[in-house]
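At position 77 of the sequence shown (counting the first as 1) the number is 76 in the working numbering, and the numbers step up by one without a gap.
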Amino acid sequence: MISPSTKTALNITAIRSDFPILSREVQPGVPLVYLDSTATTQKPNQVIRAMDDYYQLNNANVHRGVHTLAEEATAAYEGARQRVADFIHAGSNKEVIFTRNTTESINLVAYSWGRTFLKEDDLVILTEMEHHSNLVPWHILAAEKGIRLEFITITPDGLLELDVYRKLLEQKPRLVAFTHMSNVLGTINPAKEIVELAHRAGAVALIDGAQSVPHFPVDVQDLDADFLAFSSHKVCGPTGIGVLYGKAELLNKMPPFLGGGEMIKRVFLRSFSPNELPHKFEAGTPAIAEAIGLHAALDYVKAIGMEKIATHEKELIAYALRRLAEIPEVRVFGPDANYKGGVASFTFEGVHPHDVAQVLDRSGIAVRAGHHCAMPLHEKFNIAATTRASFYLYNTLGEVDQLIDGLHEVKRFFG
């Protein structure tokens, strides 16, 4: 059995004590083993308290109000924006747009930038490992405007074929949109290289950071990303709020995504003028409490240390892959631990992934089963579904052992 290195070890006992849900029993005498953080993460007390304090002490709408509560709420909301900008190393908080989630962030780019700047026969390059959120918006645009979609293929072990990518770039794409880390394979893609090659070809680069921003340091300026999207609920924050980072020079040229209050500067009966960044993309009352919760979540993981979180997850996935390899019936998809984050998607010979998940649940082990919003990726491997175990800062090596024990129970049950 491996153990975390002394230099980078997290104080897991202290961390777990911050998450009230981790102390619950899902059945009498059966404690929760939460291995579904790729779907959503659990929330620490610090996030819960921050949102509770807002509702109890500062609840008001933001912007334009001059009374004390409104000014406090506005300061907290805009403080969250600054926190996000600092966390991802944006050049300005004006480049941080609050949305509902990663999905809406990508749709904002597709509908606003895509509808404005893409024309018939323009090429958009995606990858075969994309989440539906980075596929369907471009399918819709292809149907509406006649743009072309091409895909970077992947190797049998789940790595992007960069030679294929370089060949596609010869067609002079307008956009390259790709996942930083696959939610199924766990593959961590070489984002900086992908963006650099896109820019050399004259393309704009959009990064789906839903699975990267919560798990390891991400610097949008170092990556030179044109757009990056992620969600609060995958980084210990609340649901209902996401982030779109965009370079100011691009955002300034894009028309508003939604119309309504706050996104306007002036409104007349027959026309309007849009607001400045970032507000021109935030119509209506925003998710104020959720932004405050996101601020607290980013403070929380920042205090622990993103490098330490990444190292901890590397140790967990390396150990998990070794233990899973002990079960002949289990086939894990994706690369080895050197090229992936804390995600292990697998099949169990002769047993449907949903049945695997149900048996594990009897032992309190929460995993996900299905296509994980990545149908084309599963089709690539000629499978309909997988069972997925995913790890985060609060998981332990002992929980990996419990997963393996649970899979042996699957073997006994269906054997």
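Idealized CB from N, CA, C, for every residue including glycine.
Q: Using alpha carbons as the reference points, say which of E348, V217, I308 lies closest to P189.
A: Shortest Cα-Cα distance from P189 to any of E348, V217, I308 involves V217.
Q) What are the residues that DSSP puts in a beta bridge with M180? A) I187
Q. For S181, which residues of its own chain have a beta-carbon under 6 angstroms away from its beta-carbon, when the five flanking residues on both sides are left out?
A. M128
Q: Tell whether a beta-carbon distance below 9 angstroms holds between V123 and A176.
A: yes
**Q.** Buried versus exposed call for F97 [16 or more other C-beta atoms within 10 Å across all chains shown]
**A.** With 16 or more Cβ atoms within 10 Å of its Cβ, F97 is classed as buried.
Q.
Which residue marks the beginning of the beta strand (DSSP E) containing G241, and which one marks its end?
A. 241-245
(Q) Does A13 pass the burial test, meaning 16 or more other C-beta atoms within 10 Å, or should it be called exposed? (A) Within 10 angstroms of the beta-carbon of A13 lie fewer than 16 other beta-carbons, which makes it exposed.
Q. By how many angstroms is the C-alpha of Y53 removed from the C-alpha of V61?
A. 12 angstroms
Q. For V123, which three-state DSSP category applies?
A. Here V123 sits in strand by DSSP.
Q.
I'd like the span of the beta strand (DSSP E) that includes F345, first residue to last.
A. 342-347
Q. The alpha helix (DSSP H) spanning Q26 covers which residue range?
A. Q26 -> not in any alpha helix (DSSP H); beta strand (DSSP E) instead, spanning 24-26.
Q. Is D225 near A204, with beta carbons less than 9 angstroms apart?
A. yes
Q) Among G258, V212, V194, L158, which residue has its Cα nearest to the Cα of L186? A) Note that residue 186 is Thr in the sequence shown, not Leu. For T186, the nearest C-alpha among the options comes from L158.
Q) Would you report the Cα separation of S389 and T37, rounded to the nearest angstrom? A) 6 angstroms
**Q.** S230: first and last residue of the uninterrupted beta strand (DSSP E) it sits in
**A.** 226-230
(Q) Helix, strand or coil, according to DSSP, for S91 in the structure here? (A) coil
Q. Going by the CB atoms, is the gap between K252 and F347 shorter than 9 angstroms?
A. no
Q: Would you list the one or two residues that DSSP bridges to K339?
A: T186
**Q.** 7 angstroms CB neighbourhood of T395 in its chain, flanking five on each side removed
**A.** I11
Q. Looking at C-beta atoms only, is the number of pairs between the segment 143-158 and the segment 92-108 that lie closer than 8 angstroms three or more?
A. no
(Q) Going by C-alpha to C-alpha distance, which of L323, V366, G340, N381 sits closest to H407? (A) L323
Q: Report back the beta-carbon spacing between G241 and T101 to the nearest angstrom; my notes put them in contact at under 8 angstroms.
A: 5 angstroms
Q: Specify, as a first and last residue, the run of the alpha helix (DSSP H) that T12 falls within.
A: 11-16
**Q.** Simplified DSSP assignment, three categories, for E398
**A.** helix
**Q.** Local conformation of G369 per DSSP, three classes
**A.** strand
Q | Opposing strand residues paired with A204 [DSSP bridges] | A | V175
(Q) Taking DSSP's pairing of strands, which residues face D35 in a bridge? (A) S389
Q) Which whole-angstrom value describes the C-beta separation of V46 and A296, a residue pair presumed to lie in contact below a C-beta threshold of 8 angstroms? A) 5 angstroms
Q) Should H66 be labelled buried (16 or more other beta-carbon atoms within 10 Å of its own) or exposed? A) exposed
Q | Check whether E275 and K93 have beta carbons under 9 angstroms apart | A | Contact flag set, yes.
Q | Identity of the residue in R165, K118, K144, A197 nearest T152 by Cα | A | The shortest C-alpha separation from T152 is found at R165.
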